[in-house]
Structures are given as C-alpha cells and as structure tokens.
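Peer 1: One structure is given below, represented as structure tokens, and several questions about it will come after.
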Amino acid sequence: MAMVRRSVKREAMLALLRSTHSHPGAEWVYDRLRPDFPDLSLGTVYRNLRQLEGEGLIVSVGVVDGVERFDANTAPHAHFVCTRCGAVTDLELPGGPELRREAEAASGGRISGCEVRFTGLCRGCLDRDMQT
Ligand SMILES: [Zn+2]
Ligand SMILES: [Zn+2]
Numbered sequence: 000m001a002m003v004r005r006s007v008k009r010e011a012m013l014a015l016l017r018s019t020h021s022h023p024g025a026e027w028v029y030d031r032l033r034p035d036f037p038d039l040s041l042g043t044v045y046r047n048l049r050q051l052e053g054e055g056l057i058v059s060v061g062v063v064d065g066v067e068r069f070d071a072n073t074a075p076h077a078h079f080v081c082t083r084c085g086a087v088t089d090l091e092l093p094g095g096p097e098l099r100r101e102a103e104a105a106s107g108g109r110i111s112g113c114e115v116r117f118t119g120l121c122r123g124c125l126d127r128d129m130q131t
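Sequential numbering from 0 applies to the sequence shown in numbering that gives the first Met the number 0.
Now the structure itself:
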C-alpha cells in the first residue's frame with residue numbers, strides 16, 4: 000500500500016511538472032499537491048524529485064536564488080534566468096546542435112549533456128522598469 004501511494008504521488012509530481020514551463024522548485028510542487036495529498040511532506044517531494052531525476056524523467060536546471068529548480072523537458076535546451084525575479088524560461092537556439100558538434104570536436108570526447116544558462120533581466124522586469 001505504501002508503495003502504491005508513493006508512486007501515485009510521484010506520478011502527480013511528474014504530471015504537474017509536465018504541465019508547467021516555469022521550472023519550479025520543490026516548494027512550488029509541495030504547495031500545489033498538498034490539497035490532494037494532505038500527508039505530503041516537503042521531504043517526500045524532494046525524494047521523489049530525486050527519483051524522477053534519477054530515472055531521467057526530469058532534469059535539475061540548477062539553483063536560482065537558493066532554490067533548486069526542475070524541468071520536465073529533458074530535451075537539450077538553453078535557459079534564461081532573470082536575476083531579479085528568478086523567472087526561468089526555455090530558449091530554443093538554432094545554433095544548438097552546431098555548438099554541440101563544436102564542443103565534441105574541441106573536447107576530443109563524446110558529449111552526452113549540455114547546460115547553457117543565460118542570465119539577465121526578463122521582459123517583465125524590463126517593462127516594470129520602463130513604467131517607473
Ligand atoms: Zn524578471
Ligand atoms: Zn527548460
């Protein structure tokens with residue numbers, strides 16, 4: 000029974016992560032699943048996120064403002080992180096595959112992963128600046 004319940008929670012977490020492009024952290028997941036799983040703990044969320052990551056179903060996009068953020072989009076893509084509001088958005092860069100080939104040639108090895116993170120101010124933060 001315990002196994003089944005854990006797996007239901009994990010499926011719910013995966014579905015939730017797949018439903019958003021916001022690259023949320025564990026607390027965001029916890030807040031949204033808590034109504035459906037009153038016995039849910041933050042520790043359980045962390046453990047399940049690690050499991051999902053270990054299974055290759057989600058990826059960690061690293062720490063933003065002290066919070067580790069996760070992504071259900073496991074295809075290689077770059078991220079843009081707003082240094083003010085912490086928004087993390089996907090960037091599809093047409094030169095991506097080429098960069099990978101260049102990295103492989105330069106390393107002399109075989110590239111299996113890539114993390115590209117751009118930082119700056121997002122559109123929303125720029126617009127708020129303009130209004131003041
Ligand atoms: Zn921003
Ligand atoms: Zn992403």
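Ideal Cβ positions, reconstructed from N, Cα and C, are used throughout, including at glycine.
1) Could you name the residues of the same chain whose beta carbon sits closer than 8 Å to that of A1, not counting the 5 residues immediately before and after it, in chain order?
2) Compute every distance between the C-beta of G119 and the non-hydrogen atoms of ligand 1, then say whether any falls below 6 Å.
3) Under three-state DSSP, which class holds T109?
4) Cβ of A86 versus every heavy atom of ligand 1: is any distance shorter than 6 Å?
5) Going by alpha carbons, who is nearest to C84 out of H20, G123, S40 and W27?
6) I'd like to know if the region 39 to 48 and the region 95 to 114 are in contact, where contact means that at least 3 CB-CB pairs between them fall below 8 Å.
7) Between which two residues does the alpha helix (DSSP H) carrying V28 extend?
8) Which partner residues does H78 have in the DSSP bridge list?
Peer 2: If we stick to the structure as given:
1) In the sequence shown, counting from the first residue as 1, residue 1 sits at position 2. In this prediction, A1 has a pLDDT of 48, which is less than 50 and means its spatial position is unreliable; what the coordinates show is noted afterwards. Nothing meets the Cβ criterion.
2) Against the sequence shown, residue 119 aligns to sequence position 120. No, the Cβ of G119 stays beyond 6 Å of every heavy atom of ligand 1.
3) Sequence index remark: in the sequence shown, residue 109 carries index 110 (1-based). In the sequence as presented, Thr is not what sits at residue 109; that position holds Arg. In this structure, R109 counts as coil in the three-state DSSP scheme.
4) Along the sequence shown, read from residue 1 onward, the residue named residue 86 stands at position 87. Yes.
5) Numbered from 1 along the sequence shown, position 85 holds the residue referred to as residue 84. The candidate whose alpha carbon is nearest that of C84 is G123.
6) no
7) Indexing the sequence shown from 1 puts residue 28 at position 29. Its alpha helix (DSSP H) spans residues A25 to L32.
8) Taking the first residue of the sequence shown as position 1, residue 78 is located at position 79. In the DSSP output, where bridge partners are listed per residue, H78 has D89 and R116.
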